[in-house]
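Some notes on the structure that comes next.
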Amino acid sequence: TAADSTTADSTTADSTTADSTTTDSTTTDSTAADSTAAKPADQPKITRLSGHIQRKYRVSESKARHIVQEAIRNAERHRLDPELILALIAVESTFKERAVSRVGARGLMQVMAGAHTAKIREIGGSHQLFDPTKNIHVGSRILVKYLNAHSGNLRRALLSYNGSLGTRSKFPDRVMRIYRDLQRVTVEG
1354 TAADSTTADS
1364 TTADSTTADS
1374 TTTDSTTTDS
1384 TAADSTAAKP
1394 ADQPKITRLS
1404 GHIQRKYRVS
1414 ESKARHIVQE
1424 AIRNAERHRL
1434 DPELILALIA
1444 VESTFKERAV
1454 SRVGARGLMQ
1464 VMAGAHTAKI
1474 REIGGSHQLF
1484 DPTKNIHVGS
1494 RILVKYLNAH
1504 SGNLRRALLS
1514 YNGSLGTRSK
1524 FPDRVMRIYR
1534 DLQRVTVEG
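Numbering-wise, the sequence shown is residues 1354 to 1542 according to the numbering used here.
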């Protein structure tokens, strides 16, 4: 879950890192909800990834396409890989947009509203976390925040996102395994 954690972690840094120059934009609600058409160059990626998600997670074609398009759009906006966003969604909610965890995390990226009040206010309140577009927007911004806080160290950023920094959580390993699988899907089909 996207929790706010300030615990120190004593684990070794993961060699997989993201660009630490990524910024946490403060986009308003209207920008987050604006729907832009996918670029023609993205169509093969959208088709491959959404087909994979449909089959593996039993998601309808229209929902899978929408989620993949939003992942691509937010990845471009925040300088992330769309496959990373999708891997995080797979682990957090298995692509169930109405998912609620036992601790109250909501939506596709399992965002904890209480830990990110300013971001939640920008999208119109915690009930908006069930909107896939807004959830992916907020979840991506939270991931970028943690990547910046950990100088691009993806493992530590994922631990912070999950609220498990300072533990021996397998969460980053699960995300990274699916991330690599989705990268293969993108390349190989």
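Every residue, glycine too, gets a C-beta built ideally from N, C-alpha and C.
Source: prediction; values computed, not measured.
Backbone CA spacing between residue i and residue j [nearest angstrom]
i	j	result
Lys1449	Gly1460	7 Å
Ala1394	Pro1435	14 Å
Pro1525	Leu1441	9 Å
Thr1539	Leu1507	20 Å
Ile1438	Gly1457	20 Å
Ser1446	Ile1406	13 Å
Arg1537	Ile1399	13 Å
Ile1476	Ala1417	22 Å
Leu1500	Arg1408	31 Å
Glu1429	Lys1472	19 Å
Leu1496	Ser1513	9 Å
His1469	Tyr1410	28 Å
Arg1527	Leu1482	23 Å
Val1444	Gln1396	24 Å
Ser1522	Arg1509	11 Å
Met1462	Ile1489	6 Å
Ser1378	Thr1520	Because Ser1378 sits at a pLDDT of 41, beneath the cut-off of 50, its placement in the model cannot be relied upon, and the following sentence gives the value as read from the coordinates. Computed Cα separation, rounded: 29 Å.
Gly1404	Leu1518	33 Å
Ile1420	Arg1432	17 Å
Ala1391	Pro1485	16 Å
Three-way DSSP call (helix, strand, coil) for residue i in this model
i	result
Gly1516	coil
Ser1383	Reliability fails at Ser1383, whose pLDDT of 39 lies under 50, so the model's placement of it is uncertain and the value that follows must be treated cautiously. Reduced to three states, the DSSP call for Ser1383 is helix.
Val1491	helix
Val1412	coil
Lys1398	helix
Arg1432	coil
DSSP beta-bridge partners of residue i
i	result
Val1453	Arg1459
Val1421	The partner list for Val1421 (beta bridge, DSSP) is empty, contrary to what the question assumes.
Buried or exposed by the 16-neighbour rule on C-beta atoms within 10 Å, applied to residue i
i	result
Glu1414	exposed
Lys1454	The question names Lys, but residue 1454 is Ser in the sequence shown. Ser1454 should be labelled exposed.
Glu1541	exposed
Ser1504	exposed
Gly1478	exposed
Gly1516	buried
Arg1494	buried
Gly1492	buried
Arg1426	buried
Delimiting residues of the alpha helix (DSSP H) encompassing residue i
i	result
Thr1447	Neither: Thr1447 is in no alpha helix (DSSP H) and is coded neither H nor E.
Val1540	Phe1524 to Glu1541
Ala1471	Thr1470 to Glu1475
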